[in-house]
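Accompanying notes for the structure given below.
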Amino acid sequence: MFHRLFLLIAALWLPLSAQAHEVQPAIADFQVENGFLTLDMTIALEPVIAGVNLDGLADTNESGKAEDVDALRALPPDALKARFDTIRSDFLSAIAITTDGWLNSPVTLTVDVPEVGEVDLPRESTLRILAPLPANPQVLNIKWPAEYGTLVLRQQGVENPYTGYLTSGEGSGDIALGGGDQMTALEAFTGYIPVGFDHILPKGLDHILFVLGLFFLSSRLNTLLWQVSAFTLAHTVTLALGALGYVNIPGSIVEPLIAASIVYVAVENILSDKLNKWRPMVIFGFGLLHGLGFASVLGDFGLPAAQFIPALIGFNIGVEIGQLTVIAMAFLLVFVALRVDNGDSDEKFGMVFYAILAVIFAALGVILDGDGFRDVTGASAHIFLWPVAMLCVLCALSAYELDKLNAYRRFVAVPASAAIALVGAYWFVERVFL
Numbered sequence: 005m006f007h008r009l010f011l012l013i014a015a016l017w018l019p020l021s022a023q024a025h026e027v028q029p030a031i032a033d034f035q036v037e038n039g040f041l042t043l044d045m046t047i048a049l050e051p052v053i054a055g056v057n058l059d060g061l062a063d064t065n066e067s068g069k070a071e072d073v074d075a076l077r078a079l080p081p082d083a084l085k086a087r088f089d090t091i092r093s094d095f096l097s098a099i100a101i102t103t104d105g106w107l108n109s110p111v112t113l114t115v116d117v118p119e120v121g122e123v124d125l126p127r128e129s130t131l132r133i134l135a136p137l138p139a140n141p142q143v144l145n146i147k148w149p150a151e152y153g154t155l156v157l158r159q160q161g162v163e164n165p166y167t168g169y170l171t172s173g174e175g176s177g178d179i180a181l182g183g184g185d186q187m188t189a190l191e192a193f194t195g196y197i198p199v200g201f202d203h204i205l206p207k208g209l210d211h212i213l214f215v216l217g218l219f220f221l222s223s224r225l226n227t228l229l230w231q232v233s234a235f236t237l238a239h240t241v242t243l244a245l246g247a248l249g250y251v252n253i254p255g256s257i258v259e260p261l262i263a264a265s266i267v268y269v270a271v272e273n274i275l276s277d278k279l280n281k282w283r284p285m286v287i288f289g290f291g292l293l294h295g296l297g298f299a300s301v302l303g304d305f306g307l308p309a310a311q312f313i314p315a316l317i318g319f320n321i322g323v324e325i326g327q328l329t330v331i332a333m334a335f336l337l338v339f340v341a342l343r344v345d346n347g348d349s350d351e352k353f354g355m356v357f358y359a360i361l362a363v364i365f366a367a368l369g370v371i372l373d374g375d376g377f378r379d380v381t382g383a384s385a386h387i388f389l390w391p392v393a394m395l396c397v398l399c400a401l402s403a404y405e406l407d408k409l410n411a412y413r414r415f416v417a418v419p420a421s422a423a424i425a426l427v428g429a430y431w432f433v434e435r436v437f438l
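Start counting at 1 in the sequence shown, then tack on 4, and there's your number in the numbering used here.
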């Protein structure tokens, strides 16, 4: 029975794209030149042209317009430029640029589109946008529309430049065009904590599965601490080295290896529930890979040069909080099952408790499945909640089969690890061959 359950759990995650970070933030570098505000922007135009609402979206495959986006990615540069021309005025009018309270009218000077590449991956086009300025402008404010996703806004050509991370339709606030709006160390530190957290929850499904693979080895706390400590130390090292530019390995290499790391830890969980002397070292090695994955996220939008270290530390802490949140949620979910397995709680209570939870999570996967949930998490509700419901079913089964030796391991940890391994194997094949 539980073989079918873990296959069902795995099947819920298999449709996810191999690229965990397919939707990338737009980046705009701005400065004042000859009476004009100049914005040099890097952006994936295809989702915008297709009308995808990128607010909170992690993967265009979850937008309902994935085929349209892929078709646009297959267009040669001139054809995509022609398609952009049809929405150019709407695109520009959605960007609200004001200087000294005066609304500017931006225009595009150039549009450069790369040649066709892998249609499953983003193609980053570059725009040069100009906006006429009033005489002696002092203060700039840019409001980026929520439907265009996230914008990293960076000031150039001045001392103490502004750097901002605009999401969900946020405005930049007033920016001094002469400079001086540089983030403080505290602002950089606190501002990048949610960026790191968001990379794990809800958007880092591959990292979530790896952390769950560590969790399901054993219910013993010291076993988990050894693994998490090795993983944290390792990814902190390569995150820093990657962000500083000392290490740069292509995502085409890192992403498949991250998938392979998921398979390894999950399969080892099936073979043993003991922390052998090699596992922390292997996890340390995998942590180095995951750190490079984290660094690639920072590379997408950069860190403020003047507050590089505080921002990097904030991002890393956000990642750690995200990982600990995943572990805490997993522990809370299986806590009663562990108590039943240890003889500290009644098995009938465990069966009823998890049966009710399974129904609740399954129902929530249907009720909450809508644009609002996708905007927040970047994926459908059932992608997150139905596997949780299935895990509750496994916990109920372990309570029902309590008379069998190591019921929690046999009916929860092993099937869950098998499902994780299957998903990781699928991602590995997809990232290498598809």
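C-beta: ideal position from N, C-alpha, C; glycine also.
Test item: CB-CB of residue i and residue j under 9 Å
i: I424; j: I266; result: yes
i: A270; j: A422; result: yes
i: L181; j: V143; result: yes
i: A362; j: A400; result: yes
i: L389; j: F365; result: yes
i: D116; j: L134; result: no
i: V27; j: P51; result: yes
i: W148; j: I99; result: yes
i: E191; j: Q311; result: yes
i: F34; j: R158; result: yes
i: L155; j: A62; result: no
i: N145; j: T103; result: yes
i: V241; j: L292; result: yes
i: V338; j: S222; result: no
i: N273; j: A417; result: yes
Buried or exposed by the 16-neighbour rule on C-beta atoms within 10 Å, applied to residue i
i: G200; result: buried
i: Y152; result: buried
i: A95; result: According to the sequence as given, residue 95 is Phe; it is not Ala. F95 should be labelled buried.
i: Y358; result: buried
i: A420; result: buried
i: P314; result: buried
i: E163; result: exposed
i: R283; result: buried
i: V370; result: exposed
i: Q327; result: buried
i: I360; result: exposed
i: G374; result: exposed
i: Y250; result: exposed
i: D345; result: buried
i: L248; result: exposed
Residue i to residue j span [Cα, whole Å]
i: H25; j: D348; result: Residue placement at H25 is flagged as unreliable, the pLDDT there being 40, under the threshold of 50; a coordinate-derived value is accordingly withheld.
i: D72; j: A54; result: 6 Å
i: L438; j: A429; result: 13 Å
i: A189; j: R343; result: 45 Å
i: F193; j: P80; result: 42 Å
i: P29; j: L49; result: 12 Å
i: A70; j: N57; result: 12 Å
i: P141; j: N38; result: 12 Å
i: R414; j: A403; result: 11 Å
i: N320; j: N65; result: 28 Å
i: G246; j: S256; result: 15 Å
i: P308; j: M187; result: 8 Å
i: L275; j: V323; result: 29 Å
i: A83; j: L229; result: 54 Å
i: I129; j: I317; result: Checking the sequence, you will find Ser at residue 129 rather than Ile. Cα to Cα, S129 sits roughly 31 Å from I317.
i: H457; j: N280; result: No answer is possible for residue 457: the residues shown for the chain start at 5 and end at 438.
i: L137; j: L41; result: 7 Å
i: S97; j: S384; result: 31 Å
i: G354; j: L225; result: 22 Å
i: F377; j: L406; result: 37 Å
i: I253; j: Q160; result: 28 Å
i: L372; j: M394; result: 17 Å
i: L409; j: S172; result: 51 Å
i: P391; j: H211; result: 16 Å
i: W106; j: A139; result: 11 Å
i: G289; j: Y268; result: 12 Å
i: R77; j: R87; result: 11 Å
Chain D contact for residue i (CB, 9 Å cutoff)
i: V215; result: Of the protein chains in the structure, only one exists, and it is not chain D.
(message) Across the region 255-266 and the region 283-303, are there enough close Cβ pairs to call them in contact, namely three or more that are closer than 8 Å?
(response) Remark: three or more beta-carbon pairs, one from each stretch, lie closer than 8 Å, so the region 255-266 and the region 283-303 are flagged as touching.
(request) Go through the region 265-313 residue by residue and report every complete run of the beta strand (DSSP E) that reaches 3 residues or more, in order. (result) Complete beta strand (DSSP E) runs here, min 3: none at all.
(request) Say whether the region 167-181 touches the region 120-132, bearing in mind that this needs 3 or more beta-carbon pairs closer than 8 Å, one atom from each stretch. (result) Of all C-beta pairs linking the region 167-181 to the region 120-132, fewer than three are shorter than 8 Å, placing the two stretches out of contact.
(request) Counting only runs of 4+ residues fully inside the region 38-94, write out the alpha helix (DSSP H) ranges in chain order. (result) The DSSP assignment places complete alpha helix (DSSP H) segments of no fewer than 4 residues inside the region 38-94 at 49-54, 70-77 and 81-89, in order along the chain.
(message) Taking contact to mean 3 or more Cβ pairs, one atom from each stretch, closer than 8 Å, check whether the region 319-337 and the region 205-212 are in contact.
(response) In short, these stretches touch, since the Cβ pair count reaches three.
(message) For a minimum of 4 consecutive residues, which ranges assigned as the alpha helix (DSSP H) are wholly contained in the region 85-157?
(response) Runs found: 92-97.
(message) With three or more beta-carbon pairs closer than 8 Å as the criterion, would you say the region 229-244 touches the region 213-221?
(response) Because the criterion of three Cβ pairs below 8 Å is met, the region 229-244 and the region 213-221 touch.
(message) Threshold first: 4 residues or longer. Then list the alpha helix (DSSP H) segments lying entirely within the region 175-258, N to C.
(response) If we require 4 residues or more, the alpha helix (DSSP H) runs fully inside the region 175-258 come out as 189-204, 209-219 and 225-247.
(message) Which complete alpha helix (DSSP H) runs does the region 358-393 hold, if anything under 4 residues is left out?
(response) Listed in chain order, the complete alpha helix (DSSP H) runs (minimum 4 residues) inside the region 358-393 are 375-381.
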